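In the working numbering, the protein residues as written are 3 to 93.
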Amino acid sequence: MEDFFVFGVAGSLIVKRAVNWLKRLGLSTNWALLAAFAIAAMLLGANELAAMYPAFLVWYERVWNVLFYALVAAEIYDAEKGLGVAGYKWW
């Protein structure tokens with residue numbers, strides 16, 4: 003059950019970011035909800051496959067980590083842009 007909660011938090015953020023990306027590519031707002039359901043279903047299906055097949059789990063963990071770190075970087079950049087400090091050298 004803990005796996006599901008961890009997936010739910012990160013998964014919901016990844017679905018949100020993916021739908022926003024699709025909207026930038028021209029997806030109509032009318033189809034955004036359906037796109038969100040489709041992306042979430044694919045991620046949950048991959049999550050179930052990873053639970054059943056250990057060989058798939060190795061690949062899945064690597065892909066999931068890349069998606070999660072990319073999401074974190076994008077969200078930090080958006081937050082900096084919203085505060086007006088994007089591009090500021092922090093070091």
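All C-beta atoms in this analysis are idealised placements derived from N, C-alpha and C, irrespective of residue type, glycine included.
All values derive from a computational prediction rather than experimental measurement.
Hey, is residue 35's beta-carbon within less than 8 Å of any beta-carbon in chain B? Among the chains in the structure shown there is no chain B, since it carries only a single protein chain.
Cα separation between residue 12 and residue 29? Residue mapping note: residue 12 aligns to position 10 of the sequence shown, counting from 1. Residue mapping note: residue 29 aligns to position 27 of the sequence shown, counting from 1. For residue 12 and residue 29, the distance between alpha carbons rounds to 23 Å.
Alpha-carbon spacing of residue 80 relative to residue 73, whole angstroms: As a position in the sequence shown, residue 80 is number 78, starting the count at 1. As a position in the sequence shown, residue 73 is number 71, starting the count at 1. Rounded to whole angstroms, residue 80 to residue 73 spans 10 Å at the Cα level.
Just checking, does the region 50–65 make contact with the region 20–40 on the three C-beta pairs under 8 Å criterion? no
Considering only residues of the same chain and omitting the five flanking positions on each side of residue 70, which have a CB-CB separation below 8 Å? Here residue 70 refers to the residue found at position 68 of the sequence shown. Excluding sequence neighbours, residue 70 sits near 12, 16.
In whole angstroms, what separates the C-alpha of residue 24 from that of residue 63? One-based indexing of the sequence shown puts residue 24 at position 22. One-based indexing of the sequence shown puts residue 63 at position 61. If you take the alpha carbons of residue 24 and residue 63, they lie about 24 Å apart.
Just verifying my parser: in three-state terms, what is the DSSP assignment at residue 28? Within the sequence shown, numbered from 1, the residue matching residue 28 stands at position 26. The answer is coil: DSSP assigns residue 28 none of H, G, I, E or B.
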